Each structure stands twice: as C-alpha cells, then as structure tokens.
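Here is the structure we will look at.
Chains as they are written, first to last, in my numbering: chain A, 3 to 170; chain B, 251 to 441.
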C-alpha cells in the first residue's frame, strides 16, 4: 500500500467515523488535556492500522477494535501518572459540541466513565448495537463473559438512574 | 425516576446526529509547533554533543597514541572521528540555512516541523552506522597494540550495545516524525 493510498483511506475513515472516536475519548478521558492526548493517540494508531485492515470485518468494527484497545492501554498508562487539570483558557484540540447540553446524555457518559475499562468498552459497543459475537471478537473476551457483564452493566445503569433526576 | 435500558438506548441514539466535539485547528497547530520546538531542541543538543564528543575523542586518541604506541589504526580512528565531527558541523550549518526557506505561515511552520523531524531521523541513522567503522578501527587498534582478548571482547560488547541503542533511538525519532506527519495531515484535512 502506498502512503497516498494509506492517507486516502485514513481521511475517509476519519471523515465518516469521527463520531465513534469522539465517543471513546469521552468515556475514557476525563479532563480536556487527557481528551486531547487520547484523541491524538487514537488517530495515530488508526493511521498505523490502515495497512493491516484486511476487510474481514466492517470498518466500524475495525475502528472500534483499534480505538478501544488504544484507549484501554492509554488508561492503564495514565493511571500511573496523574496529570493536573489544565489552566483555564488553554486551547484544546477537542471542543465540546452542542450535544453536551443534553443533561441525560451527560449523565449517561458520566456513569459509563465510572465503570472499569473493559465494562466501558462493552457498554459503548452495546449502545452502538454490536452483537455479543462482535464484542467478543473486538475485546478478546468470551461471549458468555460478555453476556454476564452486560447483564450486570444494564442492572447497574438502571439502578443508578433511580437516584438521578433526569428532568423527564 | 427509574429508566429502562431502552430509554437509555434512545438517549444514546439521539446523539448520533450531532457531533460530540469539534476539532480546534489552532490548538492542533500549537501542539505541532510544540513538538517542533522539542525536536529542534533535541537536534540542537545532539549535534553539539556529537561535535564535542568526536573532537574530544580525537584529541585524546592522538595524544595517547603519540606518546605511547604510534598505532596506525588509532590514527585512522582519530581521522575518522574528526571527519564525523566535521560532517555533523556541516550538516548543522546546512540545516540552519535551510530554516530560512520556511515562511511564518501555518503551512510553513508545519513543513518546518516535518523537516526538523526528518533531519533528526537522518542524522540518527548516519550516526548509528558510523559506529561500525569506529568500532572496527578501535578493535584493530587494540589488536595491533597487543591488548588481551578480554579487553577486545569488552569493547566489542560495548560497541554492540551502542549500535543497538542507536537503533532504538532512531526508531523513536522515526515514530515522532510519523506522529507529526499524521497530525499535520489531520490538520490539513480539517482546514
């Protein structure tokens, strides 16, 4: 694959599936600096992954696999050195979009963020409509394990929604 | 109020029409610039260090060789290291002159950042392979000087480690350059 072809595919992927990466960044990184850092890390890994894509799965599945694995590794690495919250007025690569005003969605993201790394991945994949089989393939966990975790996550989220006033 | 999972799913699905974030080009540009600054600083320090270390080694080798042994291989080694110092110096001058070709626009800055990273990759590769002739001449010098085998083996292991370390360093620079290119591509794509 030439570099030009790689760049073309990379641009196409990011153009079409940027939202997917944003969601992952949102549930794995807390402050703005972390979000920028993780976003950069993911797009770099996505670039490197282009030649390895064999069309055995859909682009979305592939991007989820690369991005989630990057995010999980990044979280483990970052846990070792806590970065301070950046100063006010610092410009960041990622700026909040209008969707952030939906209070229920903010709540949902916050709850997902509180889960451990693997459960966050499973929740994202579940909400984005992936089957157990696809989830198992992306995360390298057995389908039965996925099933157990999903039941637990669903119960937890439903229970937590009790304690939250959603304005609905 | 308790929500069923289907309701959570609806809230989640509602976001798909709207972007969660927008990319701030200016911030991305600043990150590239800070990476460029870092690369320039490392390059600058590496060049000065290479020149200094090579020249210091030349002086040391010539003095020791002159008073103690008169070993031809060590004179050749001195000449080679002097050549390495000169090569680094000329490369540095050429690099500094080349900096004028980049204008102060965003595009110019981005290209400059890539150019610094490319230079860093280039000089680290040259210096890594340069270890081989230095090691060969040094080992021949030791052999010619009748040094014990264990000294020759120790020096050989030392140069092997330096060569290995040089490869590791070179790969770091290659990765940093690639990261810059990806970020630059992303920024140009967004603009």
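From the three backbone atoms N, C-alpha and C, an ideal C-beta is built for every residue, glycine too. The structure displayed is predicted, hence computed values, not measured ones.
Within the 8 Å Cβ cut-off, does residue i reach chain B?
i                      : result
residue 69 of chain A  : no
residue 49 of chain A  : yes
residue 122 of chain A : no
residue 133 of chain A : no
residue 139 of chain A : no
residue 9 of chain A   : yes
residue 54 of chain A  : no
residue 136 of chain A : no
residue 60 of chain A  : no
residue 73 of chain A  : no
residue 44 of chain A  : no
residue 95 of chain A  : yes
residue 18 of chain A  : no
To which residues of the same chain is residue i closer than 6 Å at the C-beta, ignoring the five residues directly before and after it?
i                      : result
residue 170 of chain A : For residue 170 of chain A, the pLDDT reaches just 46, beneath the cut-off of 50, and the residue's location in the model is therefore unreliable, leaving the point undetermined.
residue 390 of chain B : 323
residue 43 of chain A  : 72, 76
residue 307 of chain B : 331
residue 122 of chain A : 29, 114
residue 423 of chain B : 370, 371, 374
At a Cβ threshold of 8 Å, is residue i touching chain A?
i                      : result
residue 424 of chain B : no
residue 306 of chain B : no
residue 282 of chain B : no
residue 272 of chain B : yes
residue 254 of chain B : yes
residue 261 of chain B : yes
residue 432 of chain B : yes
Which residue comes first and which comes last in the alpha helix (DSSP H) that contains residue i?
i                      : result
residue 97 of chain A  : Note, residue 97 of chain A: premise wrong, no alpha helix (DSSP H); beta strand (DSSP E) at 96-98.
residue 394 of chain B : 356-394
residue 253 of chain B : It is not in any alpha helix (DSSP H) - residue 253 of chain B carries neither H nor E in the DSSP assignment.
residue 29 of chain A  : 5-30
residue 340 of chain B : 322-348
residue 125 of chain A : 119-129
residue 38 of chain A  : 34-51
residue 60 of chain A  : Per DSSP, residue 60 of chain A belongs to no alpha helix (DSSP H) and is neither H nor E.
residue 142 of chain A : Run containing residue 142 of chain A: none; DSSP gives neither H nor E here.
residue 316 of chain B : Element bounds for residue 316 of chain B: n/a, residue is neither H nor E.
residue 116 of chain A : 105-116
Please return the same chain residues whose Cβ sits closer than 7 Å to the Cβ of residue i, not counting the five positions on each side in sequence.
i                      : result
residue 407 of chain B : none
residue 412 of chain B : 381
residue 409 of chain B : 381, 385
residue 428 of chain B : none
residue 388 of chain B : 327, 405
residue 40 of chain A  : 27, 30, 31, 73, 76
residue 401 of chain B : 392
residue 341 of chain B : 373
Return the first residue and the last residue of the beta strand (DSSP E) that residue i is part of.
i                      : result
residue 273 of chain B : 271-273
Kindly list the residues whose CB is nearer than 8 Å to the CB of residue i, restricted to its own chain and excluding five residues on each side of it in sequence; keep chain order.
i                      : result
residue 135 of chain A : 145
residue 364 of chain B : 427, 430, 431, 434
residue 96 of chain A  : 24, 27, 34, 37, 38, 41
residue 337 of chain B : 376
| query | Which residues, in order along the region 29-42 of chain A, keep a beta-carbon less than 9 Å from a beta-carbon of chain B? | reply | 37, 38, 41, 42
| said: So, does the region 151-163 of chain A touch the region 48-65 of chain A, judging by three or more C-beta pairs under 8 Å? | reply: no
| Should the region 16-33 of chain A be regarded as contacting the region 67-82 of chain A, the criterion being three or more beta carbon pairs within less than 8 Å? | yes
| message | Closer than 8 Å is the cut-off here; do at least three beta carbon pairs connect the region 349-360 of chain B with the region 277-292 of chain B? | response | yes
| request: Scan the region 376-410 of chain B for residues whose Cβ lies nearer than 7 Å to a Cβ of chain A and list them as they occur along the chain. | output: none
| said: To be precise: take each residue of the region 139-159 of chain A, compare its Cβ to all Cβ atoms of chain B, and keep it if any distance is under 7 Å. Which residues remain? | reply: 156, 159
| request: Using a Cβ-Cβ cut-off of less than 8 Å, give me the residues of the region 309-334 of chain B that come near chain A, in sequence order. | output: none
| Does the count of Cβ pairs from the region 329-347 of chain B and the region 392-403 of chain B closer than 8 Å reach three? | no
| said: For the structure I just gave you, are there three or more beta carbon pairs, one from the region 258-278 of chain B and one from the region 297-317 of chain B, closer than 8 Å? | reply: no
| request: Residues of the region 342-376 of chain B with a CB closer than 9 Å to any CB of chain A: list them in chain order, please. | output: none
| task | Identify each residue in the region 104-120 of chain A for which the Cβ-Cβ distance to at least one residue of chain B is less than 8 Å, and report them in chain order. | result | 104, 106, 107, 110
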